[in-house]
Amino acid sequence: MNFYDKFLRHISTHILTVLIILAVVPAGVALLVRHYLPVEGVLLFVVAIGLVGALVAQRSIIERTTEPVKALWDVIQFVSPKSTQTAAPKLDILHSGREMIAVMANQVYQLAQSVDHAKDLRGAKDTSLHASFIANSLPLPLVVLDKDESIVFANKAALEYLARPADEVEGNNVYSIFDFSFSDDDTFDTWLKRSKHKSVSTSRTWERVRLGLVDQANNKQFDLAAHYNKSNPFGYETVLVLFDHTETYGQDDQSLGFIALTVHELRTPLTLLRGYIEVFKEEIGPKLAPDLQEFMQKMEVSGQQLSAFVDNILNVVKVQDNQLELHLKQENWNEVLDHVVSDLSLRTEVRGITIKTDIASDLPPVAVDRYSIYEVLSNLVDNAVKYSGTAKQIFISASVNKEGMVETSVKDFGVGIDSSILPHIFDKFYRDHHNRAKVGGTGLGLYLCQAIVKAHHGSIFVRSKVGQGSTFFFTVVPYHKLSDELKANAKNGITREAHGWIKNHSYYKR
192 MNFYDKFLRH
202 ISTHILTVLI
212 ILAVVPAGVA
222 LLVRHYLPVE
232 GVLLFVVAIG
242 LVGALVAQRS
252 IIERTTEPVK
262 ALWDVIQFVS
272 PKSTQTAAPK
282 LDILHSGREM
292 IAVMANQVYQ
302 LAQSVDHAKD
312 LRGAKDTSLH
322 ASFIANSLPL
332 PLVVLDKDES
342 IVFANKAALE
352 YLARPADEVE
362 GNNVYSIFDF
372 SFSDDDTFDT
382 WLKRSKHKSV
392 STSRTWERVR
402 LGLVDQANNK
412 QFDLAAHYNK
422 SNPFGYETVL
432 VLFDHTETYG
442 QDDQSLGFIA
452 LTVHELRTPL
462 TLLRGYIEVF
472 KEEIGPKLAP
482 DLQEFMQKME
492 VSGQQLSAFV
502 DNILNVVKVQ
512 DNQLELHLKQ
522 ENWNEVLDHV
532 VSDLSLRTEV
542 RGITIKTDIA
552 SDLPPVAVDR
562 YSIYEVLSNL
572 VDNAVKYSGT
582 AKQIFISASV
592 NKEGMVETSV
602 KDFGVGIDSS
612 ILPHIFDKFY
622 RDHHNRAKVG
632 GTGLGLYLCQ
642 AIVKAHHGSI
652 FVRSKVGQGS
662 TFFFTVVPYH
672 KLSDELKANA
682 KNGITREAHG
692 WIKNHSYYKR
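Following this line, the structure appears as structure tokens:
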């Protein structure tokens, strides 16, 4: 039965009855007194009766219509934790809405019981996490932190991973146990501080995290997943899960080290080869037939490309081992770009591709390491050449963007990049599987570009559509935007590391 409709009918009947009485009573009184009072007196008497009746009717209607609300309020007050009532409100004395309020009151009582039950369960859970079958049976290392970033729980897999007993782990700050290193500056510590300031609940994952175990010599590598829940009622504010890939990532590092060692041995003969080509070009180049001059030009370009490949490999290893240092100095960006375009034009012309430029004439001086920024532009242009397809032009432009940074772009009109590939384009060793068989490469060029640009305190990103080409953008800082302190402490420029592993800053603060 719809008790609400029944309540409405009851109220409607009550109001109608009151209105009828309010209309009939004054009329009946007027008939009774009309023989005893003049007309004016009868009217005054009727008006007085009407006013009194209206007040009585108003009171009656208000009491009848609000009576259920008052009863429900009494029920809620009764179940309130601060209530001093010893007996539940009596609902059987209600004149209207008795059934409806009874149903609602029953729901309130059930809800209150559920809340009490949840509190009991929460109290039980606060002390049962260590006995939790799921948490301790999870084959992955699981660590739980409180709001102060202290470890309140580490499951068996985590304790085995750390090679420590529970009493040495739990109760300690996470940074005193875990010496995290990350492949970029968005570390766990940075994310957690940002989450506490801006989020109620959020999650984040990191790949290729390094863990230097405190007081232990061995290092581990893993993927890290974290979940943050502000003011968690159980006190479990942050949860960490580690996915160990020490063996896999270690093999990658060993492979890269072996490649670097091999590539390093190419430097001496390659330098000699390029030197001989340069001598031959100067001494006998003008005497050669046009087709032989073309062969000489292709040899020179091949030597340049092989040198760029060697430099890429060796610099990636330096990034990986925190050994690549950049010396930022004040440079004229227009001159830097002109020099790079002049050098790279030889490579593009061999492929029948022309470099077009649109460089603003009023660019401010920038703070760059000329050698490393050359590598960024060289890699971007080489990529544009590789993926140009049948297109015959590459555009390089430079201007000051709205943030005041000097922004440079390299645009091609080739095959483009699928949207599913874009999020991984700067990952180490990553290559587009659609073009892997058609275009050679190591998957290290864009990774190195990103490391170098970030070390310049710039950013790098790409926009692309399949079949319409790609545009890579990167920014560098105008020299005047660097702080006076940095300028004062740098006699020969500003030294920065283009490292691939960044420590949690909090580890050093605590």
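Read left to right, the sequence shown gives residues 192 to 701 (our numbering).
Even glycine gets a Cβ: it sits at the ideal position worked out from N, Cα and C.
If you're wondering where the values come from, they're calculated on a predicted model, not measured in any experiment.
Within its own chain, the residues whose Cβ lies closer than 7 angstroms to the Cβ of L285, once the five positions on either side in sequence are excluded, are E258, P259, A262, I292, listed in chain order. Remark: C-beta atoms of L554 and V527 do not approach each other more closely than 7 angstroms. Separation of L242 and S287 (C-alpha to C-alpha, rounded to the nearest whole angstrom) is 26 angstroms. DSSP, read as helix, strand or coil, puts Y670 in helix. Selection A642, P217, P330, I368 evaluated against I342 yields I368 as nearest (Cα-Cα). Contact annotation: L517 and D560 have beta-carbon atoms nearer than 7 angstroms. If you check the CB distance, G607 and S655 come in under 7 angstroms.
Taking each of D502, K645, K489, L246 in turn and checking the Cα distance to T539, the smallest one comes out for K489. Taking V430 as the centre and dropping the five residues before and after it, the same chain places the C-beta of V335, H418 closer than 6 angstroms to its C-beta, in chain order. Distances from the alpha-carbon of L222 to those of V209, F236, I212 put F236 closest.
Put simply, the stretch 356 to 366 does not touch the stretch 460 to 470. Fewer than three CB pairs are less than 8 angstroms apart. Taking all protein chains in view, the Cβ of G219 is surrounded by fewer than 16 other Cβ atoms within 10 Å, so the residue is classified as exposed. Around the beta carbon of N592, fewer than 16 other beta carbons lie within 10 angstroms, which makes this residue exposed.
Closest by C-alpha distance to V501, out of V391, G595, L639, K389, is L639. In the DSSP secondary-structure assignment, I546 is bridged to I585. The beta-bridge partner set that DSSP reports for N420 consists of S392. For E361 against F379, the beta-carbon gap comes to about 19 angstroms, at or over 8 angstroms, which does not count as contact. The three-state secondary structure of D377, taken from DSSP, is coil. Distance from the Cα of L302 is smallest, within the candidate group F269, R385, S611, L282, for F269. Just so you know, the alpha carbons of Y440 and P481 end up roughly 50 angstroms apart. Secondary structure at S661: strand, using DSSP grouped into helix, strand and coil.
Counting only residues of its own chain and dropping the five nearest sequence neighbours on each side, M487 has a CB closer than 8 angstroms to the CB of I468, F471, K472, G476, L479.
If you look at I368, you'll find it in the alpha helix (DSSP H) that goes 365 to 368. I550 places its beta carbon 7 angstroms or farther from that of V576. The alpha carbon of A349 has as its nearest neighbour, out of S328, E398, K338, the alpha carbon of S328.
Cβ-Cβ distances below 7 angstroms link E351 to nothing in the same chain once the five nearest sequence neighbours on each side are left out.
DSSP, read as helix, strand or coil, puts E526 in helix.
When rounded, the separation of the alpha-carbon atoms in K645 and S588 is 20 angstroms. Around the beta carbon of D573, a 10 Å sphere encloses 16 or more other beta carbons of the protein chains shown; the residue is thus reported as buried.
With fewer than 16 other beta carbons inside 10 angstroms of its own, F434 counts as exposed. T256 and S203 have their C-alpha atoms spaced approximately 10 angstroms apart. DSSP, reduced to helix, strand and coil, places G403 within a strand of the structure shown.
Among the bridge pairs identified by DSSP, V653 is matched with F663. Rounded to the nearest angstrom, the gap between the Cα atoms of T662 and Y562 is 23 angstroms. When rounded, the separation of the alpha-carbon atoms in R542 and F664 is 23 angstroms. Bounds of the alpha helix (DSSP H) holding D196 are 194 to 224.
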